Amino acid sequence: MANSALAQNIAITGAKIYTQTEQGIVENGTLLIRDGAIESISTDSNVPDGYREYDASGKVVTPGLVGAMTSLGLVEVESWAGVVDASVGDASVSHSGAAFDVSYAINPDSTVLDVSRIEGVTSAATTISYTDYLFQGQGSVISLGEDAAIIKPRAFTVLDVGGNGAEHSGGSRAALWVTLEKLFDEAGGLSEVPGLDTVWEGLNTRADIEALQRILSGDMPLVMEAERKSDILQILAFKKRHPEVKIILMDAAEAWRVADQLAEAGIPVIMNPEMNLPDSFEAIGASIENAARLAKAGVKVAVGMETHNIRLATQHAGNAVANGLSHEEGIASLTSNPASILGVSDRVGSLAAGKQADVVIWSGDPLEVTEYAEQVFIKGEPIDMDTRQTELRDRYQNFYGQNGKTSQYVQP
Numbered sequence: 001m002a003n004s005a006l007a008q009n010i011a012i013t014g015a016k017i018y019t020q021t022e023q024g025i026v027e028n029g030t031l032l033i034r035d036g037a038i039e040s041i042s043t044d045s046n047v048p049d050g051y052r053e054y055d056a057s058g059k060v061v062t063p064g065l066v067g068a069m070t071s072l073g074l075v076e077v078e079s080w081a082g083v084v085d086a087s088v089g090d091a092s093v094s095h096s097g098a099a100f101d102v103s104y105a106i107n108p109d110s111t112v113l114d115v116s117r118i119e120g121v122t123s124a125a126t127t128i129s130y131t132d133y134l135f136q137g138q139g140s141v142i143s144l145g146e147d148a149a150i151i152k153p154r155a156f157t158v159l160d161v162g163g164n165g166a167e168h169s170g171g172s173r174a175a176l177w178v179t180l181e182k183l184f185d186e187a188g189g190l191s192e193v194p195g196l197d198t199v200w201e202g203l204n205t206r207a208d209i210e211a212l213q214r215i216l217s218g219d220m221p222l223v224m225e226a227e228r229k230s231d232i233l234q235i236l237a238f239k240k241r242h243p244e245v246k247i248i249l250m251d252a253a254e255a256w257r258v259a260d261q262l263a264e265a266g267i268p269v270i271m272n273p274e275m276n277l278p279d280s281f282e283a284i285g286a287s288i289e290n291a292a293r294l295a296k297a298g299v300k301v302a303v304g305m306e307t308h309n310i311r312l313a314t315q316h317a318g319n320a321v322a323n324g325l326s327h328e329e330g331i332a333s334l335t336s337n338p339a340s341i342l343g344v345s346d347r348v349g350s351l352a353a354g355k356q357a358d359v360v361i362w363s364g365d366p367l368e369v370t371e372y373a374e375q376v377f378i379k380g381e382p383i384d385m386d387t388r389q390t391e392l393r394d395r396y397q398n399f400y401g402q403n404g405k406t407s408q409y410v411q412p
């Protein structure tokens, strides 16, 4: 990626542009990028002097995709603990896990970032995926540019209130919910975090209290993981008890069964729309129409995938469209919806003057499995569309050829 000091002025012309704003879809549009930000979007085909033109005639332009709930930058090879910063064991700084902050652990040189961004993912929520605690710590929203800059640190806190969460709370949801309420009661009952000169032996550590107070004030959303209907109903009841807490529902296999209640409560959902098999007692009511039914009820839906597969999010959104989700909502589930849910819509997730120029030129409809990202821009800079994976692919395609081993092999 080019140095920002040498940022290019760019014109993308002739494209079908999904702005994800009130401007809607601009046919045969021109998008101008200047100094890393979007300058304008119009149907004026005249390119000003000093702009590098990308002819996107017959192609589609969207905002960069926003990956919802990954561990990008924290995980390299999941089977090797030495390159996994997404799990936390025993740590004295926290009793509940609420205090953990992933912004200190992000590795900008992770090859998983390269693989994700050439597929159109330009920013993502990243968080701890496993802890021995009730909470999974505070996640961040990062840019997938070469420096993996943090767009929003401590952007949300994750809490599993399903079966997995119960395992860390005495093995039962009965203990989980009582523990959760007591932790919040203690944090909410304090006007300030106890100072180091004060003896403190509460349920929470000082660092936990600071995090929980941000949740209680509505400053930091609480992402609550749940699959089955009964757990989601408990989340809805929790929202009524704590109306100031901003809740995001994640996973949500049976959410369609309570879609109207979720819409009424204003709780958005991050989900993988293809998780439709009853593969556990938590997801017996899973449906391939989950995303469509939620959106129809007025629930804001974002597509979320695990770390190494966030690059496939367009395929999963496309399958949701094939099963009832509107095409407009399909694009939104990858761009403007996750940006809004994660609180970064002022910078990413849509195309408008002044916004960060995270832009993707697609060969065609991005929700079609045969189409692909031809060029990705992050902060107005065209990224290198080659990765170690594509280089290995090309190397061994030449080595073996289409009809077996050939003499075209070139030593690396």
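The UniProt record's numbering puts the first residue of the sequence shown at 1, with every later residue one more than the last.
Note that CB positions come from ideal geometry on N, CA and C, so glycine has one too.
In this text the structure is predicted, and so the values were computed from the model without any measurement.
Listed in chain order, the non-local C-beta contacts of ILE331 below 6 Å within the same chain comprise TYR18, local neighbours out to five positions each way being set aside. Beta-carbon to beta-carbon, PRO221 and LYS246 are separated by about 4 Å, close enough to satisfy the 8 Å threshold.
Between the C-alpha atoms of GLU264 and GLU328 there is a straight-line separation of about 22 Å.
In the structure shown, GLU282 falls within a coil segment according to DSSP collapsed to helix, strand and coil. In the DSSP annotation of this structure, the continuous segment of the alpha helix (DSSP H) that includes PHE184 starts and ends at 173-188.
A straight-line Cα-Cα distance of about 11 Å links ASP346 and LYS152. In the three-state scheme derived from DSSP, where H, G and I count as helix and E and B as strand, ARG34 is classed as strand.
A direct Cα-to-Cα measurement between GLU254 and SER287 gives close to 7 Å.
In the DSSP annotation of this structure, the continuous segment of the beta strand (DSSP E) that includes ARG52 starts and ends at 52-55. Annotation for VAL223: PHE156, VAL158, ILE248, MET250 place their beta carbon closer than 6 Å to its own, counting only its chain and skipping 5 residues before and after. Sixteen is the threshold: since fewer than 16 other Cβ atoms of the shown chains lie within 10 Å of the Cβ of TYR104, the residue is exposed.
Distances from the CA of THR335 to each of GLU306, VAL321, VAL301 were compared; the closest alpha carbon is that of VAL301. Cα atoms of GLU39 and GLY58: separation of roughly 22 Å, rounded to the nearest angstrom.
In terms of Cβ geometry, SER172 and PHE135 do not form a close pair [threshold 8 Å].
GLY318 is not a Cβ neighbour of MET271, given a cutoff of 8 Å.
Inter-residue distance for VAL93 and GLY163 is about 25 Å (C-alpha atoms, whole angstroms). LEU294: member of the alpha helix (DSSP H) spanning 290-297, first to last residue. Distance from THR307 to VAL75 at the Cβ level is roughly 5 Å; contact confirmed, criterion being Cβ atoms closer than 8 Å.
A straight-line Cα-Cα distance of about 10 Å links ASP384 and GLU146. Going by beta carbons, GLY67 and ALA148 fall outside the 8 Å limit. Looking at the backbone, the Cα of GLU22 and that of ALA373 are separated by about 24 Å. Here PHE281 is exposed. Its C-beta has fewer than 16 other C-beta atoms within 10 Å. LEU222: member of the beta strand (DSSP E) spanning 222-226, first to last residue.
When the beta-carbon positions are compared, ASP55 and THR13 come within less than 8 Å of each other. DSSP places GLN23 in the coil class of the three-state scheme, outside both helix and strand.
For GLU329, the enclosing alpha helix (DSSP H) has its first and last residue at 327-332. At a Cβ-Cβ threshold of 8 Å, LEU212 and ILE378 do not count as neighbours. In this model, VAL178 and SER350 are separated by some 40 Å (Cα to Cα). Straight-line spacing of the CA atoms in TYR396 and THR390 works out to 10 Å. Pairing THR198 with THR131, the inter-Cα distance amounts to about 29 Å.
Cβ contact annotation for ARG34 (same chain, cutoff 7 Å, sequence separation greater than five): ASN9, in chain order.
By the C-beta density criterion, VAL369 is exposed, having fewer than 16 other C-beta atoms within 10 angstroms. Using a Cβ distance threshold of 8 Å, GLU192 and GLY218 do not count as a contacting pair.
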